[in-house]
């Protein structure tokens, strides 16, 4: 059964001025009301988001915030923040009620997470803090097993990169598409790709990739990759310049995409199978992220949730000179 999946343009807001607090809060409140949250829960979301973004404005370096429906559960409101400093030396201590780190992002973190349905945080002194918080209408939830982030080039408001996620009982299937070039025409190709993916996301990745290639000839096309992740295996089919990786805490293995442009040029399409061990995480990203990143230079990141890993890679490996998209999948071994 398909649970969720859609494409969207992530609206990142710079947390440099006090006006950012109100902008993010209004978006969060609107999303919570649309998702059917009760008045009390809407108020809790507003308080938590206000606290988180206020901390960025007051204490962070190059802080940005994103609020959106969760990619794998649209009825859940998700807040993601990231910055480039100052970071926290002791996250566990910062999560305790009443603890203040005297001018850093730890202030109020315990209150924020107490109102969350799920959350994750990663911070390194001097490197910055990554925070992902999910709000459901009621109760607690498990951290989402997959996440993706999109950021357009420069000051563009639409991205030529897009992703979609479809979840089953034991598998997660993801699409990452990078429309050729930038701007509205690239975004159109990406949206068409997502629609084709969502027609039959349970098909094999190779069949989905063929459907995309046949269906995108009327667009400018782009690069595409489809991955199906099960508890012990990933099936992968890619065409064009999409990077696919199987990562661990201290190394990574590349997955193979064939050269070409989806919708226009291709060699023989192939599907590859890769084994996953119990510590593996699957990463897909467009060429808006450099492929020179390494888990060894990001201590502790790949033990975190997919949303936090995606935020860390976007911050540390992403380029402002290109649209950027990254998708992270953690195998659902609890359902094996």
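In the working numbering, the protein residues as written are 185 to 520. We put the beta carbon where it would ideally sit given N, CA and C, even for glycine.
Residue 214 carries a helical assignment under DSSP once its states are collapsed to helix, strand and coil.
Secondary structure of residue 485 (DSSP, three-state): helix. Taking 9 angstroms as the cut-off, the beta carbon of residue 342 is found no closer than this to the beta carbon of residue 349. Annotation: residue 383 to residue 321 spans about 29 angstroms, alpha carbon to alpha carbon. Shown here, residue 253 sits in a strand according to DSSP, grouped into three states. Note that the C-beta distance between residue 491 and residue 316 is below 9 angstroms. As the crow flies, the alpha-carbon of residue 314 is around 30 angstroms from that of residue 458. DSSP places residue 500 in the helix class (H, G or I) of the three-state scheme. Residue 417 is bridged by DSSP to 459. In this structure, the alpha-carbon of residue 480 lies about 11 angstroms from that of residue 431. Fewer than three Cβ pairs drawn from the region 487-503 and the region 387-394 lie within less than 8 angstroms of each other, which leaves the two stretches out of contact.
Contact between the region 408-423 and the region 444-453 is present: 3 or more CB-CB pairs across the two stretches fall below 8 angstroms. Counting of Cβ neighbours within 10 angstroms places residue 219 among the buried residues, the total reaching 16 or more. Selection 411, 406, 265 and 279 evaluated against residue 363 yields 406 as nearest (Cα-Cα).
When secondary structure is reduced to three states using DSSP, residue 203 falls in the helix class. Inter-residue distance for residue 487 and residue 304 is about 11 angstroms (C-alpha atoms, whole angstroms). Of the candidates 279, 454 and 471, 471 places its Cα closest to the Cα of residue 511. In this structure, DSSP gives residue 381 a helical state, which the three-state scheme calls helix. In the displayed model, residue 432 falls within coil according to three-state DSSP, outside both helix and strand.
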